[in-house]
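A.B. asks:
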Amino acid sequence: MFMRGFILSAVLLLFLLPITSSAEEPVGFYMTGEASVFALDLPEYAAATVLLDRIRFNVVDGPYERITTSSGFQSGPMGTLSAGWRAKNGIFFEARGFAANLHSKQTTLFDYPTADIRYGWVPIDGGDPALGTMIANGDDMHTSTTRDVEYHGGSALVGWVVPVKNGRVSPFAGISYMELNQDFSSYCYCVQDADSIYMSLEEYLDAKYLGILAGVRVHFESDGLEFHAEGKLGVYNLDADYDGFQSVKTHSTTVSDTFSDTCVKATLSGGVTKRTGNWIYGVNAGLEYLTVPTIRSSTTHSGTSNGSPTHLDTEECFGLKGGLTISYAF
Numbered sequence: 030m031f032m033r034g035f036i037l038s039a040v041l042l043l044f045l046l047p048i049t050s051s052a053e054e055p056v057g058f059y060m061t062g063e064a065s066v067f068a069l070d071l072p073e074y075a076a077a078t079v080l081l082d083r084i085r086f087n088v089v090d091g092p093y094e095r096i097t098t099s100s101g102f103q104s105g106p107m108g109t110l111s112a113g114w115r116a117k118n119g120i121f122f123e124a125r126g127f128a129a130n131l132h133s134k135q136t137t138l139f140d141y142p143t144a145d146i147r148y149g150w151v152p153i154d155g156g157d158p159a160l161g162t163m164i165a166n167g168d169d170m171h172t173s174t175t176r177d178v179e180y181h182g183g184s185a186l187v188g189w190v191v192p193v194k195n196g197r198v199s200p201f202a203g204i205s206y207m208e209l210n211q212d213f214s215s216y217c218y219c220v221q222d223a224d225s226i227y228m229s230l231e232e233y234l235d236a237k238y239l240g241i242l243a244g245v246r247v248h249f250e251s252d253g254l255e256f257h258a259e260g261k262l263g264v265y266n267l268d269a270d271y272d273g274f275q276s277v278k279t280h281s282t283t284v285s286d287t288f289s290d291t292c293v294k295a296t297l298s299g300g301v302t303k304r305t306g307n308w309i310y311g312v313n314a315g316l317e318y319l320t321v322p323t324i325r326s327s328t329t330h331s332g333t334s335n336g337s338p339t340h341l342d343t344e345e346c347f348g349l350k351g352g353l354t355i356s357y358a359f
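Using the working numbering, the letters of the sequence shown correspond one by one to residues 30 to 359.
1) Which residue marks the beginning of the beta strand (DSSP E) containing residue 153, and which one marks its end?
2) Would you call residue 153 buried or exposed, if buried means 16 or more other Cβ atoms sit within 10 Å of its Cβ?
3) Once the 5 residues before and after residue 62 are set aside, which same chain residues still bring their CB inside 6 Å of it?
4) By Cβ distance below 6 Å, which residues in the same chain neighbour residue 292 in space, the five residues on each side in sequence not counted?
5) Based on the DSSP secondary-structure assignment, which residues constitute the bridge partners of residue 129?
6) Secondary structure at residue 224, three-state DSSP: helix, strand or coil?
7) Can you name the residues that DSSP bridges to residue 96?
8) Please determine, among 98, 178, 102 and 254, the residue with the shortest C-alpha to C-alpha distance to residue 209.
9) So within the stretch 213-261, which uninterrupted beta strand (DSSP E) runs reach at least 3 residues, ignoring any that extend past its ends?
10) Can you give the beta carbon distance from residue 324 to residue 339, rounded, assuming they're within the 8 Å contact cut?
11) Whole angstroms are fine: how far does the CA of residue 105 sit from the CA of residue 132?
12) Around the C-beta of residue 285, are 16 or more other C-beta atoms found within 10 angstroms, so that it is buried, or is it exposed?
13) Alpha carbon to alpha carbon, how far is residue 175 from residue 135?
14) Starting from the Cα of residue 341, find the closest Cα among 234, 201 and 139 and give me that residue.
15) Three-state secondary structure (DSSP) at residue 73?
16) Can you tell me whether DSSP reads residue 56 as helix, strand or coil?
17) Let me confirm a value: residue 150 is counted as buried when at least 16 other C-beta atoms fall within 10 Å, else exposed. Which label applies?
18) In its own chain, which residues sit with a C-beta less than 8 Å from the C-beta of residue 57, not counting the 5 before and 5 after it?
19) CB-CB under 6 Å to residue 229, same chain, minus the five flanking residues each way: which ones, in chain order?
20) In terms of residue numbering, what span does the beta strand (DSSP E) encompassing residue 340 cover?
21) Do residue 73 and residue 97 have their beta-carbon atoms positioned less than 7 Å apart in this structure?
22) Put residue 171 into one of helix, strand or coil per three-state DSSP.
23) Under a three-way DSSP split, which group does residue 282 fall into?
24) Residues bridged to residue 337 by DSSP?
25) Give the C-beta separation of residue 351 and residue 297 to the nearest angstrom, bearing in mind that I take them to be a contact with Cβ-Cβ under 8 Å.
26) How many whole angstroms separate the CB atoms of residue 197 and residue 248, which I take to be in contact at a CB cut-off of 8 Å?
27) Using only CA atoms, which one of 211, 118 and 328 lies nearest to residue 232?
28) Does residue 117 come out as helix, strand or coil in the three-state DSSP assignment?
29) Tell me residue 263's beta-bridge partners as DSSP assigns them.
30) How would you call residue 51, buried or exposed, if buried means at least 16 neighbouring beta carbons within 10 angstroms?
The following block contains the structure:
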């Protein structure tokens, strides 16, 4: 869905470029706000402790299988605010900020009627399943997982408005800082013995991005409407921190991990606005690509290999937004 949206957005933005314009970029201070619906396709989440074993003749001979307890698709409101100053020679300075809050809750009932399947929970520290955590053969398992995402950041930019035939082009560059913080809360239990066979898991994944970005903004006007398109690319240093807290009836376990990497973020956006005096109103849409940290589930040790605790890795994700724009030039 996101790749299809990316292609459609690119085609629409390219279609807007040839529209003619006679408008000049206003000078002085300006401020722009946007209210949007934002969707982010994050990695799927499998509660690190859920596993599935196949048992034959009282011997575990099947591989562990992770069960997804929360899909990666998250949506919620996003707000952005830009403020800047533009000189008569076309040079401008601009500060931008954004914030989005996303929330989801997913409940699932796993029903395995065959008698040779046993499921339970692997400790997040990679050790053996503790006594009493394994569920009896053929029982049902209920899972409930909430996922709260806070995504916010800002940038400081400098650019130059360049008049071109039929419009204006504004290249810019600057520094950027972002945070993507995710809180997971899972509760799993055996339906046939919920008081004795259960597991709760709290996991916190915080990611900080610091880097540089560059981009270009294109404006054209036709019949009183202004069409704009913007593309930007940033290179970031990613620092991520993970903390996990697991509890079953017989014991509790904690694990922490850190991760650093270099990653990129690419954004393509556009919109249509109408000027009324010093006010500008319109609609906007955008698509972004971002490398994000993800939680890799723990494994337990076998007779030939050691288990690994829950740890961090990276995956790619896409985001999509659409909403309203309001701007004022002083």
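By construction, the Cβ of each residue, glycine as well, lies at the ideal position given by its N, Cα and C atoms.
Predicted model, so just to flag it, every value in this text is computed and none were measured.
C.D. replies: Answer, in terms of the structure:
1) If you look at residue 153, you'll find it isn't in any beta strand (DSSP E); DSSP assigns it neither H nor E.
2) Buried: at least 16 other Cβ atoms inside 10 Å.
3) Contacts found: 110 and 355.
4) Taken in chain order, the residues that qualify are 265, 267 and 320.
5) Looking at the DSSP output, residue 129 bridges to 107 and 180.
6) Coil at residue 224, not helix or strand.
7) Note: residue 96 sits in no beta bridge, so no partner.
8) Nearest C-alpha to residue 209: 178.
9) With a minimum length of 3 residues, the continuous beta strand (DSSP E) runs that stay inside the stretch 213-261 are 227-251.
10) Contact between residue 324 and residue 339 is confirmed by a C-beta separation of about 6 Å, below the 8 Å threshold.
11) So the alpha carbons of these two residues sit roughly 7 Å apart.
12) So residue 285 counts as exposed.
13) Going by the C-alpha atoms only, they are around 6 Å apart.
14) Comparing alpha carbon positions, the residue from 234, 201 and 139 closest to residue 341 is 234.
15) Three-state result, residue 73: coil.
16) It is coil, neither helix nor strand.
17) By the 10 Å Cβ count, residue 150 comes out buried.
18) Closer than 8 Å at Cβ, skipping near neighbours: 114, 115, 358 and 359.
19) If we look at residue 229 and ignore the five residues flanking it on each side, its Cβ neighbours are 216 and 276.
20) Residues 340-358.
21) Annotated as proximal: residue 97 and residue 73, with beta-carbon spacing under 7 Å.
22) Reduced to three states, the DSSP call for residue 171 is strand.
23) Residue 282: strand per DSSP, three-state reduction.
24) The partner list for residue 337 (beta bridge, DSSP) is empty, contrary to what the question assumes.
25) So it is not a contact: roughly 13 Å between Cβ atoms.
26) 5 Å between Cβ atoms; contact.
27) Out of 211, 118 and 328, 211 has the C-alpha closest to the C-alpha of residue 232.
28) Three-state DSSP puts residue 117 in coil, outside helix and strand.
29) For residue 263, which the question treats as bridged, DSSP gives the partners 242 and 294.
30) Because residue 51 sits at a pLDDT of 37, beneath the cut-off of 50, its placement in the model cannot be relied upon, and the following sentence gives the value as read from the coordinates. Residue 51 should be labelled exposed.
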